[in-house]
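Notes for the one structure printed next.
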Amino acid sequence: MASLSLAGVSKEFNKMTAVSPLSLDIADGELVCLLGPSGSGKSTLLRMIGGFEAPSSGQVLIAGQDVAHTRPDKRPTAMVFQSHALWTHMNVFDNVAFGLKLRKLSKAAIETKVMEALELVGLGGYHKRMPRQLSGGQQQRVAIARCLVLEPKILLMDEPFASLDQHLRERLREEVRQIQRKLKITTLFVTHAQDEALALADRIVVMSMGAIEQVGTPDDIYANPQTQFVANFIGTMNMIPGAVSGGRIRASGFDLDAGFSDGPATLAIRPEDFAITETGTTVLVKRVVNLGPFLLAEAEHADGTAITVHLDKTHPVREGSSLTLTAKRHAIYRDGEKPYRSQPTA
Amino acid sequence: MSDTLSTAPASAPLVKWRPTGLLFIAAPILLIAVFLFYPALRSIWGTIYVRQPDGSYAFSIASYLYFFSDSYSLTNLGRTFWTTIVTMVLLIAINLPIAIYLRFKGGRLAVFIQVLALFPMFVPGIVIVYALIRYLGPNGLLQTLLEVVGIGGFQSPYLTPWGPVIGMVWDAMPFTLLVLTAGMSGIATSAIEAAQDVGAGRLRILFSIILPQIKNSLLVVTSLNFLGLFGQAFMPFMLGPTSPEMMGPFMLRTFSTVRDPLQAATQATIVFALCSVAGLAYVRSIAKRRAAELVK
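Chains as they are written, first to last, in this note's numbering: chain V, 1 to 346; chain Z, 347 to 642.
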């Protein structure tokens, strides 16, 4: 295990910036998710940490040692690729044993380590199978075992479950979490799926257009998105255009405390942060969807603004009926970037 | 509708067999049988069911016994093997690095190299042969250029065993490259990176990851090249020596100059039998790949 620090790391491809200079510290044994849409630079950043891309500038420090220009196999890292990247001509045992054979370990030691790694990922007894005889999930487990058997200090995972179905993804991410906790291995996990990041990570690094938007715990990221991008990307957020005047924001009938200078601003309220009250903003329900534990109502304010509301099932609501809403918690953004206020409302 | 489906027996085939498909391919199969298989079988049959001096026909393997006891015929067979194997080795040695380069590098240089390697495909064989004679032959351009820079003693490969090798390498290069490039395209970049990640160097990646994964392509290109090169007549006739010579020109001369059709047919049957081994290797590799795909 080891800590990882990025100091001013950037990457340019043909004068196009893929990753802007950024710094990040990851503690020993921490599981950090790099979360962002396609093209946000998260995979490039991971590949720079793994040694598959050389940074254009900056330092990649693993346990205090700069490895920015060190070959992948000379770094204490191991990478799990999105496409499993198994060697199709080798059976499961040989896939996992390949790295150990290169390290010239004895046959007995290789066998013991390979079998332990396969047991760890739940594939004991599968060592003679060829990759084509395994399911997608089993192939990804082999890829994980291939990394773990080398006992890396840092495990890098590049969207490892992207090609798997939702049910399998949920199961595997739970298993990865358990293995990571058991081995206490520092792990960087790239994903574009917010549910995966929220469920797995100790901390989430949200990236957009090659830059870090926000770093925080899953709860912090969800409850206090620092930028409008994060607010939109993590969960669902109603973005209601309005204006601040006299310390209050007025937007589509909502009149809430703002506490900063006058001017146009965007009011942000999560669907679960609405309360149904006697007085407040009235919206017309257009559609109701039963999502199991709660109802999702798609409503519209008189000015045409669409508002999504989560309602518990004790509030039966019909399409065409009206709801009177107030916000329990809201945030306000100006110019799409800086939050001016984010507060729980009593 | 669901009732109708549920009453169908579980083992019923999804697509009903109809003879229309067979009828569709009947005409080409008939043409192949009449114009290829029948004359070939007749020719092979004619080498073992031979006309006797008294005009009757009898089974005889005398022409085969002659071939395998005649030192000149055996030398020609040996020369054919040598030329074929050397050409195949050179084809792999030249094209494999190009295919690897094209797989992992992009850009203008890669495109230029690909165009250069595929160029011979668009040049007729006769043009290639005369170009090589004019370039590599005695007093050709290469010799002239070497003498200009003060390098004398150039031994032209024209009419030596290396003449056909050079011509056939040129001729078979585009096909070899296309098959190898197709094979290389099946190797994921991440598979190579994963090997790098666990500590494999370039040579280890070549021998442990790349070559085993393009084994099928190598087998296909080797067997098909063997089939094409072993029976080559044109390049060895134009660029090679007359003695010993490859089986192609040897058969041609036995048939048209020596006017011994029985011996020419015997030589052809022996070449066919040897090529069948390569053909079998090709068919086996295809069958193996299909079986592997079915397991998936």
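Note that beta-carbon positions come from the ideal geometry of N, C-alpha and C, so glycine has one too.
So what's GLY254/V in DSSP terms, helix, strand or just coil? By one-based count along the first sequence, residue 254/V stands at place 254. This sequence places Phe at residue 254/V; Gly is not what is there. The answer is strand: DSSP assigns PHE254/V an E or B state.
Please report how far the alpha carbon of GLY483/Z lies from the alpha carbon of ILE440/Z, in whole angstroms. Stepping through the second sequence from its first residue, residue 483/Z is reached at position 137. Stepping through the second sequence from its first residue, residue 440/Z is reached at position 94. C-alpha separation (whole angstroms): 23 Å.
Below 9 Å between beta carbons: does that hold for ASN91/V and ARG129/V? Counting from one through the first sequence, the residue named residue 91/V turns up at place 91. Counting from one through the first sequence, the residue named residue 129/V turns up at place 129. Closer than 9 Å, so yes.
Interface partners of HIS89/V on chain Z, CB under 8 Å: Working through the first sequence from its first residue, we reach residue 89/V at position 89. Under the 8 Å cutoff, chain Z gives PRO558, GLN559, LYS561.
For ARG103/V, go through chain Z and note every residue whose CB falls closer than 8 Å to its CB, in chain order. By one-based count along the first sequence, residue 103/V stands at place 103. Ordered by position in chain Z, the residues that pass the 8 Å Cβ test against ARG103/V are GLY545.
Taking C-beta to C-beta, are ILE154/V and THR44/V nearer than 9 Å? As a working mapping, residue 154/V is identified with position 154 in the first sequence. As a working mapping, residue 44/V is identified with position 44 in the first sequence. Result no, Cβ atoms of ILE154/V and THR44/V do not sit closer than 9 Å.
Residue range of the unbroken beta strand (DSSP E) whose run includes PHE274/V: The count along the first sequence starts at 1 and reaches residue 274/V at position 274. From DSSP, the beta strand (DSSP E) with PHE274/V extends over 274–290.
DSSP beta-bridge partners of GLY242/V: Counted from its first residue, the first sequence places residue 242/V at position 242. The partner list for GLY242/V (beta bridge, DSSP) reads ALA265/V.
Contact set for MET584/Z: own chain, Cβ-Cβ below 7 Å, skip 5 residues either direction: If you number the second sequence from 1, residue 584/Z lands on position 238. VAL475, listed in sequence order.
Cβ separation of PRO507/Z and PRO587/Z, assumed to be a contact under 8 Å, to the nearest whole Å: Here residue 507/Z refers to the residue found at position 161 of the second sequence. Here residue 587/Z refers to the residue found at position 241 of the second sequence. That pair is a contact at about 7 Å.
Given this structure, state the Cα-to-Cα distance separating VAL114/V from HIS330/V, to the nearest angstrom. Locating residue 114/V in the first sequence gives position 114, counting from the first residue. Locating residue 330/V in the first sequence gives position 330, counting from the first residue. Taking the straight line from one Cα to the other gives about 52 Å.
Does ILE446/Z have its Cβ less than 9 Å from a Cβ in chain V? If you number the second sequence from 1, residue 446/Z lands on position 100. No, ILE446/Z does not count as interfacial toward chain V.
ILE179/V versus LEU120/V: straight-line alpha-carbon distance, rounded: In the first sequence, counting from the first residue as 1, residue 179/V sits at position 179. In the first sequence, counting from the first residue as 1, residue 120/V sits at position 120. Computed Cα separation, rounded: 8 Å.
Rounded to a whole number of angstroms, what is the C-alpha to C-alpha distance between VAL469/Z and LEU487/Z? Looking up residue 469/Z in the second sequence gives position 123. Looking up residue 487/Z in the second sequence gives position 141. So the alpha carbons of these two residues sit roughly 20 Å apart.
Along the segment 526–545 of chain Z, where does the CB come closer than 7 Å to a CB of chain V? Name the residues. ALA534, SER536, ALA537, GLU539, ALA540, GLN542, ASP543, VAL544, GLY545
Less than 9 Å between the beta carbons of VAL309/V and PHE274/V, yes or no? By 1-based counting over the first sequence, the position of residue 309/V is 309. By 1-based counting over the first sequence, the position of residue 274/V is 274. For VAL309/V and PHE274/V, yes; Cβs fall inside 9 Å.
Does the separation of the CB atoms of THR236/V and THR281/V fall below 9 Å? Within the first sequence, numbered from 1, the residue matching residue 236/V stands at position 236. Within the first sequence, numbered from 1, the residue matching residue 281/V stands at position 281. Not a contact, by the Cβ cut-off of 9 Å.
Inter-residue CB distance, GLY247/V and ALA258/V (contact presumed, cutoff 8 Å): Sequence index remark: in the first sequence, residue 247/V carries index 247 (1-based). Sequence index remark: in the first sequence, residue 258/V carries index 258 (1-based). Between ALA258/V and GLY247/V the Cβ distance is about 6 Å, and since that is below 8 Å, they are a contact.
Give the DSSP-derived three-state secondary structure of ALA97/V in the structure shown. The count along the first sequence starts at 1 and reaches residue 97/V at position 97. In this structure, ALA97/V counts as helix in the three-state DSSP scheme.
Roughly how many whole angstroms lie between the Cα atoms of GLN460/Z and LEU448/Z? As a position in the second sequence, residue 460/Z is number 114, starting the count at 1. As a position in the second sequence, residue 448/Z is number 102, starting the count at 1. Their backbone Cα atoms lie some 7 Å apart in a straight line.
Helix, strand or coil for GLY336/V? Go by DSSP, reduced to three states. Residue 336/V sits at position 336 when you count from the first residue of the first sequence. Coil at GLY336/V, not helix or strand.
If the criterion is Cβ atoms closer than 9 Å, does the pair LEU557/Z and MET434/Z meet it? Taking the first residue of the second sequence as 1, we reach residue 557/Z at position 211. Taking the first residue of the second sequence as 1, we reach residue 434/Z at position 88. In this structure, MET434/Z does not lie closer than 9 Å to LEU557/Z by Cβ.
For ARG270/V, is the classification buried or exposed, using 16 other Cβ atoms within 10 angstroms of its Cβ as the cut-off for buried? As a working note, residue 270/V is residue 270 in the first sequence. So ARG270/V ends up on the buried side.
Taking contact to mean 3 or more Cβ pairs, one atom from each stretch, closer than 8 Å, check whether the segment 528–537 of chain Z and the segment 65–75 of chain V are in contact. no
Cβ separation of ALA611/Z and ASN571/Z, assumed to be a contact under 8 Å, to the nearest whole Å: Translated into positions along the second sequence, residue 611/Z becomes position 265. Translated into positions along the second sequence, residue 571/Z becomes position 225. The pair is not a contact, with the Cβ atoms about 25 Å apart (cut-off 8 Å).
What does a CB cutoff of less than 7 Å around ALA211/V pick up in its chain, not counting 5 residues either side in sequence? Indexing the first sequence from 1 puts residue 211/V at position 211. So the list reads SER20, LEU22, once near-sequence residues are dropped.
If you draw a straight line from the C-alpha of LEU524/Z to the C-alpha of SER622/Z, how long is it? In the second sequence, counting from the first residue as 1, residue 524/Z sits at position 178. In the second sequence, counting from the first residue as 1, residue 622/Z sits at position 276. Taking the straight line from one Cα to the other gives about 23 Å.
Under 7 Å by beta carbon: chain V residues contacting ALA638/Z: In the second sequence, counting from the first residue as 1, residue 638/Z sits at position 292. The answer, in chain order, is ARG132.
So is PRO385/Z buried or exposed if we call it buried at 16+ other beta carbons inside 10 Å? In the second sequence, counting from the first residue as 1, residue 385/Z sits at position 39. With fewer than 16 other Cβ atoms within 10 Å, it is exposed.
From what residue to what residue does the beta strand (DSSP E) around HIS310/V run? For the purposes of this step, residue 310/V is identified with residue 310 of the first sequence, where counting begins at 1. Run containing HIS310/V: 306–311, per the beta strand (DSSP E) assignment.
How far does the alpha helix (DSSP H) with LYS107/V in it reach, from first residue to last? For this step, residue 107/V is matched to residue 107 along the first sequence. That run of the alpha helix (DSSP H) goes 107–120.
Should ASP25/V go down as buried or exposed, given a rule of 16 or more other Cβ atoms within 10 Å for buried? Sequence index remark: in the first sequence, residue 25/V carries index 25 (1-based). Per the 10 Å Cβ criterion, exposed.
Using the three-state DSSP reduction, which class does ASP606/Z fall into: helix, strand or coil? Reading the second sequence from its first residue, position 260 is the one you call residue 606/Z. Coil.
Please report how far the alpha carbon of ALA327/V lies from the alpha carbon of LYS11/V, in whole angstroms. Residue mapping note: residue 327/V aligns to position 327 of the first sequence, counting from 1. Residue mapping note: residue 11/V aligns to position 11 of the first sequence, counting from 1. Cα to Cα, the separation comes out at about 42 Å.
How big is the Cα-Cα spacing for LEU4/V and TRP516/Z? Locating residue 4/V in the first sequence gives position 4, where the first residue counts as 1. Locating residue 516/Z in the second sequence gives position 170, where the first residue counts as 1. Those two C-alpha atoms are separated by around 54 Å.
Since GLY99/V meets chain Z, which of its residues come closer than 7 Å, beta carbon to beta carbon? Within the first sequence, residue 99/V is the residue found at index 99, counting from 1. Simply VAL544, GLY545.
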